[in-house]
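Residue numbers 82 to 371, in this note's numbering, belong to the letters of the sequence shown in order. Data block below; observations after.
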Amino acid sequence: MTGFYGNGAAAGTDPEPQAHKSGVHFSYSELWDLETNYYQNYLYPNNLKQVNMVNSTLFAEDVQGRVDVTREFYGRELNTEYVFGLFSDPNQFSLLGIPVAYEIQKFAAYDNIAATSTKVTFNHTYIGFLTPVVIDTFLTFNDEGQIWQYDAVFKWMNGWLDVLVRETQKKYNASTPKEAENILRDIMVSSTCQVHEDHCHGDDQQYDSFEACVDYLTNEIRLGTAYELGADTLVCRTLHKVMLSFRPKVHCPHIGPSGGGMCSDDRTYVGVIEEEYFTHTPFVSSREEK
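Printed below as a string of structure tokens:
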């Protein structure tokens, strides 16, 4: 059948998916071990070891990663910084805090592909509360058992910012959620601008002064929502500030006015969905029996 469907698929049926042909095959138990090893290293303080390796060999050199609420991350070094480094400093204000426990709740695997739904408990050490976050991932591994591709979704994140505001209201005895949101915004702005002062010097400098940074982040951009961690928002810049100490030349632009290609409104809803980012292997296994 052709015409409206174009590709020969009949109405109500799915076209045959592109088969997985990487030639890399692991047993179910091997894939389980690879997945659990990743999450063990994701937790604090194990993630410090991965950060300090620069770069983590849990990732392939040419790893391709995507997180729904942020952006795409290519290469071992960048993924080491974002996946492990982002959650490795309990003394700095960060949006989620540090991961301290995990529970794999759903798992399916075949060939070199693993699909997982995992509840990760984060300790927001700055505000002082624990919160669970469900992370759904599709991963492919190369023949060395390294993560080659990952597509991650932080599930139900629409409610995350509400939780952060509510806990901020408790900690600071704010009379209303709006007052708590303003307190939270002030914390984000001041902490981001202080990190800029500490690490962004010379050609890496994004603002003329601490005061100029505060003015811009307070008055020129929106706070943002939980799904705008890759947009021209304060929450995006707050996320990226944790990375500045690793590679200022790379990460300082991300908290600046331009957003450095990480915090900017240059993507569309349809564009994100239709982007064909992953190029190594499909996330669909061959139907042939092994």
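In this text, a Cβ means the ideal position worked out from N, Cα and C, and glycines have one as well. Note that the structure is a prediction, hence the values are computed from the model and not measured.
- Remark: C-beta atoms of T202 and T218 do not approach each other more closely than 7 Å.
- Q186 is classed as exposed because its beta carbon has fewer than 16 other beta carbons within 10 Å across all chains shown.
- A distance below 8 Å between beta-carbons, with the five flanking residues on each side excluded, links R247 to the following residues of its chain, in chain order: P258 and A261.
- A straight-line Cα-Cα distance of about 33 Å links E278 and L139.
- Counted as a single uninterrupted DSSP element, the beta strand (DSSP E) harbouring W229 occupies residues I228 to K236.
- Within the same chain, and ignoring the five residues on either side of P213 in sequence, the residues whose Cβ sits closer than 8 Å to its Cβ are K200, V201, T202 and F203.
- V201: member of the beta strand (DSSP E) spanning I194 to H205, first to last residue.
- By the Cβ test, the segment 130-137 is in contact with the segment 152-169, since at least three Cβ pairs between them sit closer than 8 Å.
- Assignment of beta-bridge partners to E184 by DSSP yields K200.
- With a contact defined as Cβ atoms closer than 8 Å, I336 and R318 qualify at about 4 Å.
- Counting C-beta pairs with one atom in each stretch, the segment 105-117 and the segment 167-178 have fewer than three that are closer than 8 Å, which means they do not touch.
- It is roughly 16 Å from the alpha-carbon of I216 to the alpha-carbon of N118.
- Scanning the segment 113-156 for uninterrupted alpha helix (DSSP H) segments of 4 residues or longer gives 127-134, listed from N- to C-terminal end.
- Distance check between C344 and each of V276, R303 and S290 places R303 closest, using alpha-carbon atoms only.
- Between Y120 and I179, the C-beta spacing is not below 7 Å.
- Counting along the chain, the unbroken alpha helix (DSSP H) around D296 starts and ends at F291 to N300.
- Residue V331 holds the alpha-carbon nearest to the alpha-carbon of D285 among C274, T249 and V331.
- A Cβ-Cβ distance of about 36 Å is found for the pair V105 and N239, leaving them out of contact under the 8 Å criterion.
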